[in-house]
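All residue numbers for the sequence shown refer to numbering that gives the first Met the number 0, where the first residue is 0 and numbers rise by one.
Positions of the beta carbon are idealized from the N, C-alpha and C atoms, including for glycine.
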Amino acid sequence: MVHLITEQDIHAYVDDELTPARRRAVEAFLADRHLSLAQAVTYLRTTFDLRSLKREIYADDALRGEVEALLARRRAKTGEEGAAPLEKSRSSS
Numbered sequence: 000m001v002h003l004i005t006e007q008d009i010h011a012y013v014d015d016e017l018t019p020a021r022r023r024a025v026e027a028f029l030a031d032r033h034l035s036l037a038q039a040v041t042y043l044r045t046t047f048d049l050r051s052l053k054r055e056i057y058a059d060d061a062l063r064g065e066v067e068a069l070l071a072r073r074r075a076k077t078g079e080e081g082a083a084p085l086e087k088s089r090s091s092s
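Here it is as structure tokens:
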């Protein structure tokens, strides 16, 4: 059975969150589509920038508190369970 490659797959590929088999499928998909590869590079840059920003926020207690308060208000307003409090990212070693 063929599983279509989605935008989420490309994000997961960039974040190194795919199984080896799915990673190979995405790599084959990207090899056939130069434009999709360019999009993957854009996602990679965005992911890197967001992780860098998250590390900066985590390092600044005042800013971290403000962001967590904003996220808590958003969760309360929308009933969302996502957008958990900021934690140290795996890559912030």
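Report task. With a threshold of 16 other CB atoms inside 10 Å of the CB of Asp48, please say whether the residue is buried or exposed. Result -> exposed
Report task. Compute the distance between the beta-carbons of Ala39 and Tyr12, then report whether it is under 8 Å. Result -> yes
Query - Residue of Ile9, Leu17, Glu65, Thr77 minimising C-alpha distance to Thr45 - result: Ile9
Query raised in the report: For Gly64, does the three-state DSSP call read helix, strand or coil?
Result: helix
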